[in-house]
Each structure stands twice: as structure tokens, then as C-alpha cells.
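Under our numbering, the letters of the sequence shown match residues 238 to 463, in that order.
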Amino acid sequence: MTIRVLLADDQNLVRAAFALLVASAPDMEVVGEAGTGRQAVELARAERADLVVMDVRMPDLDGIEATRFIAADEDLAGVKVLVLTTYDTDENIVEALRAGASGFLVKDTRPAELLDAIRTVTAGDALLSPGPTARLIERFLRSPSTPVPGGGPGCLSDRERQVLTLVARGLNNTEIADSLGLSPLTAKTHVSRIMGKLGARDRAQLVIVGYESGLVTPGARPLGPG
238 MTIRVLLADD QNLVRAAFAL LVASAPDMEV VGEAGTGRQA VELARAERAD
288 LVVMDVRMPD LDGIEATRFI AADEDLAGVK VLVLTTYDTD ENIVEALRAG
338 ASGFLVKDTR PAELLDAIRT VTAGDALLSP GPTARLIERF LRSPSTPVPG
388 GGPGCLSDRE RQVLTLVARG LNNTEIADSL GLSPLTAKTH VSRIMGKLGA
438 RDRAQLVIVG YESGLVTPGA RPLGPG
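Structure (C-alpha cells):
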């Protein structure tokens, strides 16, 4: 499958560099470039990209609002947003995740890592740049809360709550399976059911639910196998 990528950044040189990088990958193609947030939303609708690489700071409509428009559009339910920011302490990143972004990276990420991030997010996994994640979650918990999708973990079974906890701690399906003594397919099924019950678009929103509900707290360590 070829991943259709839309690039949104107000700097022409940055977009050109990203376009060359994405075009160099055999499993990706650039289907559009946007210089403003509003153009990003319009092109997302017109081109039906699989993923939008979105800069936070853009004119006309910033990346957070553009992400919110894309996430709220039922016709764009399959479109993922990967947010890029210049600074890993950007306080807007938390709001971008709340708005519906599936993950974020800082702009000085190595080229190969950006391509891997595009593949990861397109596949439905959350991608949170590891360095600033803990600080951002701390800030997120101190900021005004938004309603937890689907009513929160109270609607989940005990096993589903365990799985949600591990998702929020950053484990992938294989690691969740090892931790709980499950098969990777069973872990994946649990994650899919949790997303359905909570009305979450992807794993990034499950991370938000885990922290907002208090199920996971900053600094918590993943459970070991068994």
C-alpha cells in the first residue's frame, strides 16, 4: 500500500525538503502541500490523504485548529495527523493531541525517523516523541480538562482497563501481550474494542483517556512480562 501524505508547513524550504524525503520512500507519495492551516484542511478533503504532516505554527489557521477540523469531519475519519514542532517543550502539543492528532515529533528528528513515524501513525499507532512526553503529560494534567470520550474507563472490563493502562504507558500490542500473557492478536482485539467503547480515533486518544481519568499517572512504569 502506498501511503498518501499531505505536507502542511508555512515555510517553502521546509515543505520542499519534506517532499523530497517522502518521495524517496518507495511506499509513500506526496499528494499535496499546504502553506496555511486552512489550505491543509481543504487539501485533506480534496486529496483524501492517509496522513497529514502538520506544523503547529501556521498563518490563517494554526495547526491545532486545522487538526481539530480534520478530526471532526466524518468524511475524513481515516485521515491521521502527525504534528511537527520546532521545540519539544511546545505547550501546544497537548492541545494538538486533544484536537485529534495521532502523535508528534520535533522538527530536528532524523529523516529515517520521520519516515518511520509516518508509517507508525498511518498503521494506527500513537507516536509520541519520547523526550518531552513526560513533561507534556505533566502540563496536560495541570491544564483544564476536557470530557473523557465515551464516559471513561468505567465502561470497560477489568482486562480492558489493564490493556488501556499499558497503552497509555506507551506499550505496543506485542509488549502488551507479553505483559499480560496474551497473544498479540488478542491484545490487538482488546485495543480495538476499547477504542470502540470509548469512541477514540486512535491510540493517542487512548493515552489521553488513560491520563485524564487517573488510570495512569506521570512516571508510572510499565508492568513486566507475566
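Glycine included, every Cβ here is placed at the ideal spot set by N, Cα and C.
Residue from the options with nearest C-alpha to residue i
{"i": "A253", "options": "G433, R275, G269, S339", "result": "G269"}
{"i": "T263", "options": "M432, D299, R241", "result": "At residue 263 the sequence reads Pro, which differs from the Thr that was named. The candidate whose alpha carbon is nearest that of P263 is R241."}
{"i": "R305", "options": "P296, E332, E284", "result": "E332"}
{"i": "R430", "options": "L452, K317, V404, V453", "result": "V404"}
{"i": "L452", "options": "E397, A277, L319", "result": "E397"}
{"i": "V343", "options": "L408, A286, T323", "result": "T323"}
{"i": "G361", "options": "P348, I301, K425, A349", "result": "K425"}
{"i": "L443", "options": "D415, P421, H427, L401", "result": "L401"}
{"i": "M432", "options": "L351, L393, R356, R335", "result": "L393"}
Sequence-distant residues of its chain with Cβ nearer than 7 Å to residue i (five each side left out)
{"i": "D299", "result": "G274, V293"}
{"i": "T239", "result": "D264, M265, E266"}
{"i": "E302", "result": "G274"}
{"i": "L313", "result": "A281, R282, I307"}
{"i": "V251", "result": "none"}
{"i": "N329", "result": "V293, I301"}
{"i": "D395", "result": "none"}
Straight-line gap, residue i to residue j (C-alpha atoms, nearest Å)
{"i": "A309", "j": "Q399", "result": "29 Å"}
{"i": "P296", "j": "G272", "result": "8 Å"}
{"i": "D247", "j": "L319", "result": "16 Å"}
{"i": "N410", "j": "E311", "result": "27 Å"}
{"i": "G389", "j": "K434", "result": "9 Å"}
{"i": "D439", "j": "N249", "result": "30 Å"}
{"i": "T383", "j": "V446", "result": "Only weak support is given to the placement of T383: the predicted model assigns it a pLDDT of 49, under 50, and the question is left unresolved by the model."}
{"i": "S420", "j": "A414", "result": "5 Å"}
{"i": "A349", "j": "G337", "result": "24 Å"}
{"i": "A260", "j": "L321", "result": "18 Å"}
{"i": "L422", "j": "V428", "result": "10 Å"}
{"i": "G418", "j": "G407", "result": "17 Å"}
{"i": "R356", "j": "A441", "result": "15 Å"}
{"i": "G391", "j": "S416", "result": "22 Å"}
Same chain only: Cβ atoms within 8 Å of residue i, ignoring 5 sequence neighbours per side
{"i": "L243", "result": "V267, V268, G269, E270, A271, A277, L280, A281, E284, A286, L288, V289, V290"}
{"i": "A354", "result": "L319, G340, L342, T346, L364"}
{"i": "A256", "result": "L244, V267, E270"}
Cβ-Cβ separation, residue j to residue i (assumed contact under 8 Å), whole Å
{"i": "T359", "j": "K317", "result": "6 Å"}
{"i": "L258", "j": "L334", "result": "That belief does not hold up - the Cβ atoms of L258 and L334 are roughly 24 Å apart, past 8 Å."}
Contacts around residue i, its chain only, beta-carbon distance under 6 Å, and the 5 residues preceding and following it disregarded
{"i": "G315", "result": "none"}
Taking only runs of the alpha helix (DSSP H) that begin and end inside the segment 300-350, which ones reach a length of at least 4 residues, in chain order? 300-309, 329-336
Report the residue ranges of all alpha helix (DSSP H) runs contained in full by the segment 402-441; include only those spanning at least 4 residues, in chain order. With a minimum length of 4 residues, the continuous alpha helix (DSSP H) runs that stay inside the segment 402-441 are 410-417, 421-435.
List, from N- to C-terminal side, the alpha helix (DSSP H) runs of 4 residues or more that fit wholly inside the segment 243-296. 249-261, 274-284
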